[in-house]
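Novice: In this text, residue positions in the first sequence follow our numbering: the first is -16, and each later residue adds one.
Built from N, CA and C at the ideal position, the CB exists for glycine as well.
The structure is given below, and queries will be raised subsequently.
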Amino acid sequence: MADEKRITAQSEDFDRWYTDVVRRAELADYSPVRGCMVIRPYGYALWENIQRALDDMIKRTGHENMYFPLFIPESYLQKEADHVEGFDPQVAWVTRGGGKDLEERLAVRPTSETIICSMYADWIHSWRDLPVKINQWCNVVRWEHRTRLFLRTTEFLWQEGHTFHQLDSEAAKEVDTMLDCYRELTEDWLAIPVIKGRKTESEKFPGAEYTVSIEAMMSDGWALQSGTSHHLGQNFTRAYGIAYSDRDNQRQHPFQTSWGLSARTVGAVIMAHGDDMGLILPPKVAPIQVVVVPITRSNDEAGAATVEEATARLESECPAGVRMRIDRREGMRPGEKYAHWELRGVPLRIIVGAKDLAGGNVTVVRRVDGAQDTVPLDGLAAQLPQLLEAAQQAILERARKRLEERSVDVSSLDELVAAFAERPVFATAPMCNTAECETAVKAAVHALTVRVLRSDRPSDGAPCIACGKPADFYALLARSY
RNA sequence: CGGGGCGUGGCGCAGUGGUAGCGCACCUGCUUUGGGAGCAGGGGGUCGCUGGUUCGAGUCCAGUCGCCCCGACCA
């Protein structure tokens, strides 16, 4: 096998492996515009499957989709001080249109809180108008210094949900509900176990009361934030003058949330599951779930006819809902086809050849672990849903095991340093939610960040690893993308 | 914005001042086909751009543009 046909090994250079996979598997490519990417059909199909699953959850939890414009007048953007300051360096501006300079420049949305609040200020008047629970699927632009395909691009695709509630507690519940949707999507569909928690003060969304997120471990031990949910309190509704009359005819500002998940999750799938042969896609979101490779010899007409007959049978018996592809390409040897579909992460491969068919069998190979079985053709098609489900579980288990093996509890800065000595891990340690303690912890290990203050590990009063006082949280510490 | 590197067919590269080449990919045909095939033939580049030196510039000089890598922001 020629070296140049292979992708860079993960152990050699994980970043290059990632870029190689994205481009060679034809998920995406760089565009002529710096920092932007073209999502190719295979990558977009994957994103569409993720979208569909999440969109169903968004609808199930009582939200409606709508659409706000791409351009936001500068004056709209500027009403919430923390928000403006937080996003200012990343905003792209349109200053010219119709052949002349604009009177007011227009921001290309970095997120839509401001325009949404401006509109809902006109639409919310009564307690009967609440709650408002809406969502939009769109693109946003945030000028970035360093970009990476899917993980961080200047323009990216996402959904942003926005809600308004009468009570602080209702908003808080909404924040949790939607974070749990993200957890469900990531674990049940993408087969990536996650850790939920709250962002530190320094990492929360600009303008939010607090931010919660889910954090996933990539196969190199680095963390990737894969969905965030914000409690915005009344910060924006006050700034934008959203007010309603409650049952006692008192004027009130509603409590607000927003939450988002981006096409970065495609990057999470790639980095959480992929190996040196390429992608490994969870069946539930794989654009192609089963690929059939017929093997025919030009000097064996009878054999070729048998193979074609068996192939056609698989195709016609394939259950509805199973995404099957038959690879009938001519002039390509089987080995090349195997490599082609392995690179693209197709969960199951069925090899249909004359040798096996002599005994009424075909060979089924599972991408995640290479498990190979010679099974009767008879009845195989009907079993595909179960085989795919088993593959989905195997992928999840593999990721779960890695997360467990590479997670460690530490109770001092020395232990923290030791934990990262060999390889990146997820370290959990008691910590205060203060800038001082965060700075101290980050300084202990190169490129370390506080991912979240874990919501599954309530404080037991253990001393903070930075300052030694009883800590309010257990923090998840990791290097992150 | 600071430090480093690179611009030559789609991709990766070679090219000593003398009229542009290799590998991969692509197209055609034949043979092959149970792990990335072989042979034969074929198409494709005003060498990033501008100016200069020279009889002559991919090559030397100046400028300019763009890109990549490393440091300060982020889903």
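1) Would Ala177 and Thr169 qualify as a contact pair, given that the criterion is a beta-carbon distance under 8 Å?
2) By a C-beta neighbour count over all protein chains shown, 10 Å radius and 16 as the cutoff for buried, is Thr78 buried or exposed?
3) Between the beta-carbon of Phe219 and the beta-carbon of Cys121, is there less than 8 Å?
4) In its own chain, which residues sit with a C-beta less than 6 Å from the C-beta of Cys164, not counting the 5 before and 5 after it?
5) When you compare only the Cα positions, how much space is there between Met(-16) and Val4?
6) Helix, strand or coil for Gly444, going by three-state DSSP, please let me know.
7) Starting from the N-terminal side, write out each stretch of the alpha helix (DSSP H) that is 4 residues or longer and does not extend beyond the segment 300 to 383.
8) Can you name the residues that DSSP bridges to Glu138?
9) Below 6 Å CB to CB, which residues in the same chain sit around Leu297 once its five sequence neighbours on both sides are set aside?
10) Start and end of the alpha helix (DSSP H) containing Pro24?
11) Does DSSP put Thr130 in a helix, in a strand, or in coil?
12) Rounded to whole angstroms, what's the CA-CA distance from Thr291 to Tyr321? Just pull it up for me.
13) Ile278 lies in the beta strand (DSSP E); which residues open and close that run?
14) Whose C-alpha, out of Pro237, Ala423, Val408, Arg311, is nearest the C-alpha of Ser463?
15) Give the list of continuous alpha helix (DSSP H) stretches no shorter than 4 residues that lie fully inside the segment 56 to 110.
16) According to DSSP, Ile253 sits in a beta bridge with which residue or residues?
17) Quick check: the Cα distance between Asp(-2) and Ala206, rounded to an integer number of angstroms?
18) Which first and last residues belong to the beta strand (DSSP E) in which Asp392 is found?
19) If you measure between the beta carbons of Leu150 and Phe238, is that distance less than 8 Å?
20) For the beta strand (DSSP E) containing Leu431, name the first residue and the last one.
21) What is the residue span of the beta strand (DSSP E) that Phe409 lies within?
22) What is the rounded straight-line gap between the Cα of Gly304 and the Cα of Ile271?
23) Are Ala374 and Pro441 closer than 8 Å when you measure CB to CB?
24) Could you tell me how far apart the beta carbons of Gly250 and Phe133 are, in whole angstroms, since I believe they sit closer than 8 Å?
25) Going by DSSP, which residues form a beta bridge with Arg385?
26) Which same chain residues, not among the five before or five after Leu53, have their C-beta less than 7 Å away from its C-beta?
27) What are the start and end residues of the alpha helix (DSSP H) that includes Glu398?
Specialist: In terms of the structure at hand:
1) Here residue 177 refers to the residue found at position 194 when the first sequence is read from its first residue. Here residue 169 refers to the residue found at position 186 when the first sequence is read from its first residue. With the sequence shown as reference, residue 177 is identified as Val, and Ala is not the correct amino acid for it. The answer is yes: Cβ separation under 8 Å.
2) Position 95 of the first sequence, counting from 1, holds the residue named residue 78. Its Cβ having fewer than 16 others within 10 Å, Thr78 is exposed.
3) As a position in the first sequence, residue 219 is number 236, starting the count at 1. As a position in the first sequence, residue 121 is number 138, starting the count at 1. No, the Cβ-Cβ distance between Phe219 and Cys121 is not below 8 Å.
4) Locating residue 164 in the first sequence gives position 181, counting from the first residue. The answer, listed in chain order, is Met40.
5) Within the first sequence, the letter at position 1 stands for residue -16. Within the first sequence, the letter at position 21 stands for residue 4. Below a pLDDT of 50, predicted positions are generally treated as unreliable, and Met(-16), at 38, falls in that range; the measurement from the model is reported next regardless. A direct Cα-to-Cα measurement between Met(-16) and Val4 gives close to 18 Å.
6) Taking the first sequence and counting its residues from 1, the one referred to as residue 444 is at position 461. Note: Gly444 maps to coil in three-state DSSP.
7) Counting only unbroken stretches of 4 or more residues, the alpha helix (DSSP H) elements lying wholly within the segment 300 to 383 are 317 to 326, 337 to 340, in sequence order.
8) Within the first sequence, numbered from 1, the residue matching residue 138 stands at position 155. In the DSSP assignment, Glu138 forms a beta bridge with Val124.
9) Here the question's residue 297 lines up with position 314 in the first sequence. The residues are Val275, Ala364.
10) The count along the first sequence starts at 1 and reaches residue 24 at position 41. Per DSSP, Pro24 is one residue of the alpha helix (DSSP H) stretching across 24 to 43.
11) Working through the first sequence from its first residue, we reach residue 130 at position 147. Here Thr130 sits in coil by DSSP.
12) Residue numbering aside, residue 291 sits at position 308 when the first sequence is read from its first letter. Residue numbering aside, residue 321 sits at position 338 when the first sequence is read from its first letter. Residue identity check: residue 291 is Glu in the sequence provided, not Thr. Going by the C-alpha atoms only, they are around 18 Å apart.
13) On the first sequence, residue 278 is found 295 positions in, with the first residue counted as 1. Ile278 -> beta strand (DSSP E) spans 273 to 278.
14) Translated into the one-based positions of the first sequence, residue 463 becomes position 480. Here the closest residue by C-alpha is Val408.
15) Fully contained in the segment 56 to 110 are the following alpha helix (DSSP H) runs of length 4 or more, in chain order: 57 to 60, 64 to 70, 96 to 106.
16) Along the first sequence, one-based indexing puts residue 253 at 270. Its beta-bridge partners do not exist; DSSP assigns none.
17) Sequence index remark: in the first sequence, residue -2 carries index 15 (1-based). Sequence index remark: in the first sequence, residue 206 carries index 223 (1-based). Their Cα atoms are separated by approximately 14 Å.
18) Residue mapping note: residue 392 aligns to position 409 of the first sequence, counting from 1. Looking at the DSSP string, the run of the beta strand (DSSP E) that includes Asp392 is 390 to 392.
19) Taking the first sequence and counting its residues from 1, one reaches residue 150 at position 167. Taking the first sequence and counting its residues from 1, one reaches residue 238 at position 255. Yes, the pair counts as a contact, with Cβ atoms nearer than the cut-off.
20) The residue given as residue 431 occupies position 448 in the first sequence. From DSSP, the beta strand (DSSP E) with Leu431 extends over 431 to 437.
21) Position 426 of the first sequence, counting from 1, holds the residue named residue 409. Per DSSP, Phe409 belongs to the beta strand (DSSP E) from 409 to 414.
22) Within the first sequence, residue 304 is the residue found at index 321, counting from 1. Within the first sequence, residue 271 is the residue found at index 288, counting from 1. C-alpha of Gly304 to C-alpha of Ile271: approximately 11 Å in a straight line.
23) The sequence position of residue 374 within the first sequence is 391, counting from 1. The sequence position of residue 441 within the first sequence is 458, counting from 1. In this structure, Pro441 does not lie closer than 8 Å to Ala374 by Cβ.
24) Taking the first residue of the first sequence as 1, we reach residue 250 at position 267. Taking the first residue of the first sequence as 1, we reach residue 133 at position 150. Correct: roughly 4 Å between the Cβ atoms.
25) As a first step, residue 385 must be located in the first sequence, where it is residue number 402. In DSSP, Arg385 forms no bridge with anything.
26) Taking the first residue of the first sequence as 1, we reach residue 53 at position 70. Same-chain partners within the cutoff: Val91, Arg92.
27) Taking the first sequence and counting its residues from 1, one reaches residue 398 at position 415. 396 to 402 is the extent of the alpha helix (DSSP H) around Glu398.
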